[in-house]
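Quick notes on the structure that follows.
2 protein chains.
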Amino acid sequence: MDRAQDGGNVAGMSGLSRATVSRLPQYLRLLEDIETGDTISSDLLAEAAGVNAANVRRDLSDLGFQGTRGVGYSVPNLRDRIRRELGIEKRRKVAIVGAGNLGTALARYGGLAKRGFDVVAIYDIDQERIGSLIGDVKVQDISEMPGDCGSGLYDMAIIAVPARAAQTVAEGLVDAGISSLLNFAPVRVSVPDAIPVRQVDLSTELQILSYYG
Amino acid sequence: MDRAQDGGNVAGMSGLSRATVSRLPQYLRLLEDIETGDTISSDLLAEAAGVNAANVRRDLSDLGFQGTRGVGYSVPNLRDRIRRELGIEKRRKVAIVGAGNLGTALARYGGLAKRGFDVVAIYDIDQERIGSLIGDVKVQDISEMPGDCGSGLYDMAIIAVPARAAQTVAEGLVDAGISSLLNFAPVRVSVPDAIPVRQVDLSTELQILSYYG
DNA sequence: TAGATTGTTAATCGATTAACAATC
DNA sequence: TAGATTGTTAATCGATTAACAATC
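Line order of the protein sequences matches chains A and B.
Numbers given in the numbering used here equal positions in the first sequence, counted from 1, plus 583.
Numbers given in the numbering used here equal positions in the second sequence, counted from 1, plus 583.
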């Protein structure tokens, strides 16, 4: 209990460091794919996740999850523990804002449903798109977005609108009470500290690769 | 024989820390958007990029880029310097592997061309898709992929295939001499250390958000 | 000059990892 | 027991930041 890790955490949040949290989904994916055996060693987990074995043991120790010396970690128990920690033990409802190419692609991406995330709403501002079906979800007018959020239809949103619209969309969602945002628009959105945001940008990724390649 | 994640520097002494490199695209975007004035202070850059001003000064100092005390940094000079550092002073040719929803969305994403990345080839294994046009690029049979890479048609690739195909595609590209990979498949691919890879996964992002939200 | 802002130092923070005693 | 593997310590590494002299 003497490992200092208060500084790197999000304000008011419990224990795990950002670095640890970012690795949990990787571990979880592995644990979901495993069919053989019901225990796994930190060595195997580490190799598959591309990290150091000591790092794995420290992460799981921080999680409060115990293994068995000489044996390893229980696969089903660890899987459940990580799911619980990430808050995905039950399905999460997600809205996608922007029904262009990217929004459509994200909405159709089957991997989401498989991991517990249900796309329950898609919004756009373009009358041509409103009313059309993407999968089995109808594209709605973006004016419906705040009300739907406020009434609890969803609590996570993916922003897939053009750069110029992203900040306005983000503010609308925040005002309506959104819990967290994933921003695919190629611009940084600014929101209150209390709302977690992750930004993913294709050209940023390519530019970083340009440096190393 | 893998491990293309974060931490320390990549192959050789490239000079800049990973943290610094990951911030350069943010600075660059700001510098490209600015029209007012021809100098900018570390304070303004920092605020817009969401980092500490001392961090900005340190990054630019590491770049070997000098500002003027009491004045700030030259916008056009800094913009050019970052472009040169990232290796994007000239246009880069990129292939997209997988012409499904995601691959199509990425290919159509205008932000790429605007940032200097030209999608010069799209590959798929599905005969239904081969021959169709996405923008002005024809979808080719994936069997053409290694030859095109070998002949220098492109040197960066975006993997947008299903998880089960990602590792095979990555290996084919590496054998054909690819310089760097951006992997959107929901699985981690393993490549030699010398090839930089970045992995972007939607459900991983959502799972991380689930923890904080 | 007087105010502004850089460039750099030093402290600190956060994260990783080798090593090994504990123990299954 | 003998081998395997955890849990934890301590060292180290990498990155951030406050502070301030230098200087435009």
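Ideal Cβ placement from N, Cα and C applies to all residues, glycine included.
| request: Kindly indicate if chain A contains any beta-carbon less than 7 Å away from that of T603 of chain B. | output: Interface criterion not met: the Cβ of T603 of chain B is under 7 Å from no Cβ in chain A.
| For K697 of chain B, the first and last residue of its enclosing alpha helix (DSSP H) | Counting along the chain, the alpha helix (DSSP H) containing K697 of chain B begins and ends at 693-697.
| query | Does DSSP put L785 of chain A in a helix, a strand or coil? | reply | Three-state result, L785 of chain A: helix.
| query | Which value, in whole angstroms, describes the spacing of the CA atoms of L613 of chain B and L628 of chain B? | reply | One alpha carbon belongs to L613 of chain B, the other to L628 of chain B, and they sit about 8 Å apart.
| said: With a threshold of 7 Å between beta-carbons, can Q643 of chain B be considered close to chain A, or not? | reply: Just to set this straight, residue 643 of chain B is Leu in the shown sequence, not Gln. Not a single C-beta of chain A is nearer than 7 Å to the C-beta of L643 of chain B.
| task | For the alpha helix (DSSP H) holding N660 of chain B, just list the boundary residues, first then last. | result | In the DSSP assignment, N660 of chain B falls within the unbroken alpha helix (DSSP H) covering 658-669.
| query | For the alpha helix (DSSP H) that contains Q609 of chain A, what are its first and last residues? | reply | It spans 601-616 - the alpha helix (DSSP H) in which Q609 of chain A sits, taken as one unbroken run.
| Any chain B beta carbon closer than 7 Å to G598 of chain A | Not one chain B Cβ lies under 7 Å of G598 of chain A.
| field | Whole-angstrom C-beta distance between L695 of chain B and S793 of chain A, which should lie under 8 Å | value | Contact doesn't hold; Cβ gap of about 12 Å is too wide.
| message | List, from N- to C-terminal side, the alpha helix (DSSP H) runs of 4 residues or more that fit wholly inside the stretch 708-773 of chain A. | response | Runs of the alpha helix (DSSP H) inside the stretch 708-773 of chain A: 728-733, 746-759.
| Alpha-carbon spacing of S644 of chain A relative to N660 of chain B, whole angstroms | N660 of chain B has its alpha-carbon roughly 49 Å from the corresponding atom of S644 of chain A.
| request: Assuming G681 of chain B and I742 of chain B form a contact by the criterion Cβ under 8 Å, report the distance between their Cβ atoms to the nearest whole angstrom. | output: Cβ atoms of G681 of chain B and I742 of chain B come within 8 Å of each other, at about 7 Å.
| Collapsed DSSP secondary structure at I778 of chain A in the structure displayed | Correct three-state label for I778 of chain A: coil.
| Can you name the start and end residues of the alpha helix (DSSP H) that D640 of chain B belongs to? | It should be noted that the sequence gives Arg, not Asp, for residue 640 of chain B. In the DSSP assignment, R640 of chain B falls within the unbroken alpha helix (DSSP H) covering 636-646.
| query | Can you find a heavy atom of the ligand HEM that lies under 6 Å from the Cβ of E668 of chain B? | reply | Only the bare structure without any ligand can be found here, which leaves the ligand HEM out of the picture.
| query | Count the other CB atoms within 10 Å of the CB of R606 of chain B; is the residue buried (16 or more) or exposed (fewer)? | reply | By the 10 Å Cβ count, R606 of chain B comes out buried.
| field | Identity of the residues DSSP links to D701 of chain A by a beta bridge | value | According to DSSP, D701 of chain A bridges with A:K676.
| By Cβ distance below 8 Å, which residues in the same chain neighbour V783 of chain A in space, the five residues on each side in sequence not counted? | Answer for V783 of chain A: L765, N766, F767, listed in chain order.
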